[in-house]
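Enquirer:
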Amino acid sequence: MQTSADRQDRHQYPAHWEADVVLRDGGTARIRPITIDDADRLVSFYEQVSDESKYYRFFAPYPRLSAKDVHRFTHHDFVDRVGLAATVGGEFIATVRYDRIGADGLPASAPADEAEVAFLVQDAHQGRGVASALLEHIAAVARERGIRRFAAEVLPANTKMIKVFTDAGYTQKRSFEDGVVRLEFDLEPTDRSLAVQRAREQRAEARSVRRLLAPGSVAVVGVGRAPGGVGRSVLGNIRDAGYAGRLHAVNTAFPEDLGEVDGVPAHRSVRDIDGPVDLAVVAVPAERVPAVVAECGEHGVQGLVVLSAGYAESGPGGRERQRALVRQARAYGMRIIGPNAFGIINTAADVRLNASLAPEMPRPGRIGMFAQSGAIGIALLSRLHRRGGGVTGVTGVSTFVSAGNRADVSGNDVLQYWYDDPETDVALMYLESIGNPRKFTRLARRTAAAKPLVVVQGVGSAPQGHAVRATRLPHATVSALLRQAGVIRVETITELVDAGLLLARQPLPAGPRVAILGNSESLGVLTYDRCLAEGLRPSPPVDLTTGATAEDFHRALTRALADDTCDSVVVTAIPAIGEASPGDAELAEALRSAAAAVPGKPVLVVHVELGGLAEALSAAASTAPQAVDRAPGTAGGARPFPPAERLPSAPASPPEGTHLIPAYPAAERAVRALAEAVKYGQWRREALDPGKVPEYDDIDEKGAARLIGELLARGQGLTISDAETCELLGKYGIPVRRALPAPTPDAAAEAARTLGYPVALKATAPHLRHRADLGGVRLDLADEEQLRRAYAELTELFGKPEELRPVVQGMAPRGVDTVVRAVIDPAAGAVLSFGLAGAASQLLGDMAHRLVPVTDREATSLVRSIRTAPLLFGWRGSTPVDTPALEELLLRVSRLVDDHPEVVAVTLEPVVVAPHGVSALGATVRLAPPPARDDLGPRTMPAY
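Okay, so the sequence shown: first residue is 618 according to our numbering, each after it adds one.
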C-alpha cells in the first residue's frame, strides 16, 4: 500500500526526468520538467513562436499567454499534470504537456490511465526531431505515473504534428470529428515503436559524429605565436593534410594587426571569424577552456575536439571540471570529443582532415579506427602504417577517433556513424572500458551484421568522470556477450591489425576447412598445427619444395582454390636460392592471378624474411607511395615507405573488386586472424535466422505480475520464501521439486512419509548448500532406517540440526546436475547463464551467457557452448540427457525475467537433466522495484 510519504515523493521535482538528447540534425538539447521558475522563459519562448504554430496549438488566434495561462503551464504536480521543455542555451525551444483525464474527458487522478497530450515547437527548431524526442520522454514519464494511453487532438492542416504521432510506432486509433483529428495510442512499447526509436537514435548520433568528422570549416583555438606547441602543430597537420574546408587560427594573444599564421587566417577570438565555424579544436590550458566554449557556443560552432588535459585523469577536481565542460557544451547544443583527446582524422578525398597530433596523414582506406588512449591511437596508426606499406600496401584508414577521456562522444556514437558509412568496411576499436555494455552490445550486433567489428577490450573501470552505471559482470562474461553479438574479440593491438587487414581485403571463409601449400615442409607443418589449435580443419600441407617456381605456386594455389573441400588457403613461403627461384614480384603476381580466378575464398601468405614479397603482393593496386629513384630492372615491388616522408595527398585507389592478399611474418598470426574470420563468417550466417522467442500457452503472465506486486508491497527488495518462489516459478511452467524442513529425525521421517521414498537428505546451511562434494547430501534413502542413520551421520559430521538446516526431498531421476541463473545487471541488462553444477565448473569458470530475451536458437547454442557440454550428449558411453527439455526451461526463465523487470535474480540449482525431463531441486528468486528507465525508455545521452 502506498504511504502518504510515497505520494509526497511522487510530487517532488523528478530530477531523474532530466536528460540530454541528440536531435535529428546532430545537435543536442536538454529535456527537463517545467517548474514555477520558468515563467519568464515560457513567455519569451511563446513570443518567438509564429502565429500559425500558435493557431495549431490552441485552434484559434492566440497572440500571447495570459497570466492564468503562464501559471497553468508552469505549475505541475508531476503526477497528473506534467510539462517538459526542450532547452538549448538554457532557453526553451519546445514544450510538451500531459493532463490526466477520466472516461468523461475531464481532469482526473489515478486510477484513471489516460491523458491528453499537446506540443509546441519553436518554428526555428521545427524539423530537428525535437517533438519526436519529447514524445519519447513524455511517454516514459506517463508510463512511470501509471498512464497507459495518450489522446491528442490536432487540426488536419497540422500535418507535421500528425506525422510525429503516426510515425512513433505505437498502436493507434484515429478518428475525425468536428473538424479535428483525434488520435489515441497506447504507450506500451511495441516492436515497431522500439524499432522507430532506435532508428532515430542511430540517425541522430551518426549525424552528430559526421558533423565532427566532416566539417566545412575548422578553427584551431590556442595556436601559438611561435612554432611548436600543441595548437600550432595541429594547425600544421590540418593544413599539410590538404584539408578541403576553411581553416582558421585563433589566439587571444595574437597582435591585432596579425593577418595570418603559417598561411592560415589568424583571429584573436572565434567571434571575430566571418562566417560559420563547424568544428573548433581546443588546445588551451584547462582553466581557459570555459571561455573558449562560451565563445564557440555563441558563434554557433557545432562541435569541439578538446585536446587540453587536466580533467578527470587528474583527480577529483579534474572530474568536476570535466562535468562542467560537458554541461556547458551541451547547453549550446555542441558535442565534444575529449577532453585529453589525441584528435580525429578523416581521409575522404573531399575532407582530408587531420585534426590530431599525428604528424602524418594515414593512407586512405576502408578501416575505421577508434581508441580512447592517445598512446594506443599512436600505436594503432603506426602499426597500420607499417603494415599498410609493408604487407598490404592498400589498406588504410577511413576515419580515426581518439576520444581521450570520452566525456561525451564514445565508442557507441562512432559505431552509429560507421554502421552506414559507405567509406568504412571494417571497424577496429581499442576500448579500455565499456561504459554502457547493454547499448554497446545492441549496436555491435547490428553493426556486425553489416561489417566486421574487431575489438580489444581492456579490463579497466568506467571512464573517469562518467556517470554510467558500472557493470557487476566479470570481464570474461562481458567478453562472451560481445562475441555473441558478433564482435571479433582479440587480445592485442597486433591481433587487432592482423584481423583488420584480412577482413578489409579478403572475402569471409565459408567454413573452417583450410588448404596449406608452400615451399617449406616445416613451415607448412607449423601452420597445420596452429590450425588445429585454433579449431580449424586443415588438410595435410602440400610441399612444393624449396625449388618451387612462381608457376608451381600458381598451379598449386589454383588447384587448392578449385577444390570444393577447401574454404581458405594459407600459402607459406621462405626465401629460396638459385636461378630458378621466383623473385618477389613474380611470386606475388602468380599468387594474385591465381586468387583472382576464384575470388570467393580468402588467401593468406605466411612469409619468412622476404623483404620484397609483402610489398609486391600489393604493388599492382597499391595506394602506398611507390619506390622512387629505383634503378631500372631492380627486382621487387614498392619499397617500404620511410616514416619521415610525407604521404601523397591523393593516392590512387585500388581497382574495383580487387582482393589483395595479406601477408604475415608468422604462422600463428595468420592462422589466428583466419580463425577469427571463420568464426565471424559463421556468426554472420547464423544471424540471418536468429530464431524466435517462443510463446507458451501455460504461462500466466498476469498472475505472476499480481503476485510480484503483492510481494513487493512488503519491501523494496527481498529474497522471497521457498513457497513463494515455487508459486511464482510455477506460473511460468517451471516446477521445483518440493523440499520439507527436517529440524529433527522425527520431522525428517514424517517428511519422507509425506513425499514418499526414496528420498534425499540435504544440509542447506550456506556453507554446505550445493556442495555435495563436502558430504552434506545423502541420496537414495529407501526407508526410515536409512534416513535416520543418514541424519545421525550428518549431525555427527557437521554439527547440530539448527546449524545444518536439513531438508528432505523426493529423489529425482538420475542425470547431469546443472545450474541456471538469470541476473539483472545495472549496465548490461538481463543475462541468462548456464553451466554444470559442481566445484570443477565453478573453478574453471565454465559458464555460458546470453542476453535476455533468449531465442530458441540461442538456447540451443547456450547449452552447447560450455566446455563440459559433451557430458550432456553421451560422453564416453553415458546416456544422453533430455537437452530439449533443458532448452525449454532456459526459455521459460528468460521469459520470466524479460516479462517482469522486478525479478532481478533467479537461481535454479541444481537442475538435474535426466534422459527424460528435467528437475529443479532448488530455487531462489530476488525481487526489487523496476528501474524508472530502462533500455525500452527514451533516448538519452550519458548523464552528468
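A virtual CB, placed ideally from N, CA and C, is assigned to each residue, including glycine. Computed from a prediction, not measured in an experiment: that's the story for all the values here.
(1) Let's test the definition: count the other Cβ atoms within 10 Å of the Cβ of residue 636 and tell me whether it reaches 16, buried, or not, exposed.
(2) Straight-line CA distance for residue 1409 to residue 1398?
(3) Grab me the residues of residue 1287's own chain with a C-beta within less than 7 Å of its C-beta, minus the 5 sequence neighbours each way, in chain order.
(4) Give a yes or no on whether 8 Å exceeds the smallest Cβ distance from residue 1447 to chain C.
(5) Note down, in chain order, each residue of its chain lying with its Cβ closer than 8 Å to the Cβ of residue 1145, except the 5 sequence neighbours on either side.
(6) With the cut-off set at 8 Å, would you say residue 643 and residue 828 are in Cβ contact?
(7) Let's test the definition: count the other Cβ atoms within 10 Å of the Cβ of residue 1460 and tell me whether it reaches 16, buried, or not, exposed.
(8) With a cut-off of 8 Å on the beta carbons, I'd call residue 1327 and residue 1030 a contact; round off their distance for me.
(9) Assuming residue 1542 and residue 1449 form a contact by the criterion Cβ under 8 Å, report the distance between their Cβ atoms to the nearest whole angstrom.
(10) Report yes if the CB atom of residue 1035 is closer than 8 Å to the CB atom of residue 1058, and no otherwise.
(11) What's the gap between the Cα of residue 703 and the Cα of residue 655?
(12) Which one or two residues does DSSP pair with residue 1426 in a beta bridge?
(13) Could you tell me whether the Cβ atoms of residue 1368 and residue 1440 are closer together than 8 Å?
(14) Near residue 1447, which residues of its chain fall below 6 Å by C-beta distance, leaving aside the five closest residues on each side in sequence?
(15) For residue 1320, which residues from the same chain have a beta carbon less than 6 Å from its beta carbon, with the 5 sequence-adjacent residues on both sides left out?
(16) For residue 1527, does the three-state DSSP call read helix, strand or coil?
(17) Thinking C-alpha only, which one of 813, 1032, 1137, 927 is nearest residue 1066?
(18) Relative to the C-alpha of residue 1434, which residue among 1455, 1428, 1427, 1443 is closest?
(19) Restricting to Cα atoms, I'd like to know which of 1317, 1340, 1206, 868 is closest to residue 1172.
(20) Give the C-beta separation of residue 807 and residue 783 to the nearest angstrom, bearing in mind that I take them to be a contact with Cβ-Cβ under 8 Å.
(21) Residue 1334: buried (16+ other C-beta within 10 angstroms of its C-beta) or exposed?
(22) What would DSSP say about residue 1022, mapped onto helix, strand or coil?
(23) With DSSP as the reference, label residue 854 as helix, strand or coil.
(24) For residue 712, count neighbouring C-beta atoms within 10 Å of its own C-beta (all shown protein chains included) and say buried if the count is 16 or more, exposed if not.
(25) Less than 8 Å between the beta carbons of residue 955 and residue 1022, yes or no?
(26) Measure the alpha-carbon distance for residue 1293 versus residue 1105 and round it to whole angstroms.
(27) Return yes when the Cβ of residue 924 is within less than 8 Å of the Cβ of residue 851, no when it is not.
(28) Let me know the beta strand (DSSP E) ranges lying completely inside the stretch 1289-1352, each 3 residues or longer, listed in chain order.
(29) Is it the case that the stretch 1305-1324 contacts the stretch 1161-1170, given that we only count it when at least three CB pairs across the two stretches are under 8 Å?
(30) Would you identify the three-state DSSP class for residue 1417, choosing helix, strand or coil?
(31) Figure out for me which residue from 1142, 1529, 695, 1099 has the closest Cα to the Cα of residue 577.
(32) Which residues does DSSP list as the beta-bridge partners of residue 1155?
(33) On the three-state DSSP scale, how would you describe residue 1215?
(34) Where residue 1518 and residue 1483 are concerned, what is the direct C-alpha to C-alpha distance, given to the nearest angstrom?
(35) Is the number of C-beta pairs between the stretch 836-843 and the stretch 795-813 that are closer than 8 Å three or more?
(36) Tell me the DSSP secondary structure of residue 628 in three-state form.
Expert: So, from the listed chains and residues:
(1) buried
(2) 13 Å
(3) 1187, 1221, 1223, 1281
(4) In the structure shown, chain C cannot be found, because there is only a single protein chain.
(5) 1133, 1155, 1157, 1158
(6) yes
(7) exposed
(8) Not confirmed; about 43 Å, so no contact.
(9) 14 Å between Cβ atoms; not a contact.
(10) no
(11) 12 Å
(12) 1356, 1377
(13) no
(14) 1441, 1469, 1514
(15) 1348
(16) strand
(17) 1032
(18) 1455
(19) 1206
(20) Contact doesn't hold; Cβ gap of about 14 Å is too wide.
(21) exposed
(22) coil
(23) helix
(24) buried
(25) yes
(26) 7 Å
(27) yes
(28) none
(29) no
(30) coil
(31) As displayed, the chain neither begins before 618 nor continues past 1561, which places residue 577 out of reach and without an answer.
(32) 1131
(33) coil
(34) 27 Å
(35) no
(36) coil
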